[in-house]
Amino acid sequence: MEEIDNDGEERRPLGIVLLGGLYLFFFMLTVSTFGHPFPLLGTIYQGRVAEALVFADSLISLYLFLGLMKRQTLTWYLLIGYNAFEVVNTLINLIGISAGELEKALGQPVDVRGLAADNLSVMVAILLLTAFIYKHRGYFTNRSKYLL
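Here the numbering used here = 1-based position in the sequence shown + 94.
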């Protein structure tokens, strides 16, 4: 027997609730970077371009959060794609942006080994998160194309 909440929808599995909280945190983290340099595919963007990129990334993160809460099937595909892009972007940034470029953009010294370790651990975490999402495709039962 399926448990039903007050809106007539199935209750969300705990995994979806936790993922939703994580992607809400990612949204807030992305919004908090507004006005700072934004690394994308081996280039550090600043100014209006960086702000536009942060805004676009924030909208994507918000959509992923809302899609998770609605258990939307389309969101499952978007999560897999977004996470794959984040891993590739992180790897390209790690290889393509030198410590000197990063220090110049940030205006402070950067620990190269610490930066590499942090980025590699983030990549592993995103890959594990993506594996969890892939494994639990059955949680995404809402076939609507819209967040209604």
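Ideal placement from N, C-alpha and C gives every residue a C-beta, glycine not left out.
Taking only beta-carbon positions, decide if leucine 162 is within less than 8 Å of chain B.
-> Among the chains in the structure shown there is no chain B, since it carries only a single protein chain.
Pairing CB atoms from the stretch 135-155 with CB atoms from the stretch 201-218, are three or more of them under 8 Å?
-> Contact annotation: the stretch 135-155 does not touch the stretch 201-218, with fewer than three C-beta pairs closer than 8 Å.
In chain order, what residues of the same chain have a beta carbon less than 7 Å from the beta carbon of asparagine 100, not counting five sequence neighbours either side?
-> Confidence at asparagine 100 is low in this model, with a pLDDT of 47, below 50, so the placement of that residue should be treated as unreliable; the coordinate-derived value is given next. Taken in chain order, the list of residues that qualify is empty.
Nearest to threonine 235 (by Cα), restricted to the options Tyr171, Thr224, Gly115 = It is Tyr171 whose Cα lies nearest to the Cα of threonine 235.
How should arginine 165 be labelled, buried or exposed, when 16 other C-beta atoms within 10 angstroms of its C-beta is the threshold for buried?
-> Here arginine 165 is buried. Its C-beta has 16 or more other C-beta atoms within 10 Å.
In whole angstroms, what separates the C-alpha of glycine 194 from that of phenylalanine 128?
-> Note on geometry: alpha-carbon atoms of glycine 194 and phenylalanine 128 lie some 22 Å from one another.
Which first and last residues belong to the alpha helix (DSSP H) in which phenylalanine 159 is found?
-> In the DSSP assignment, phenylalanine 159 falls within the alpha helix (DSSP H) that extends over 141-163.
Integer-rounded CB distance, given that valine 181 should sit under 8 Å from leucine 214 | Leucine 214 to valine 181, Cβ: 11 Å. No contact.
Is it true that the CB of threonine 184 sits closer than 8 Å to the CB of serine 155?
-> In this structure, serine 155 keeps its C-beta atom at 8 Å or more from the C-beta atom of threonine 184.
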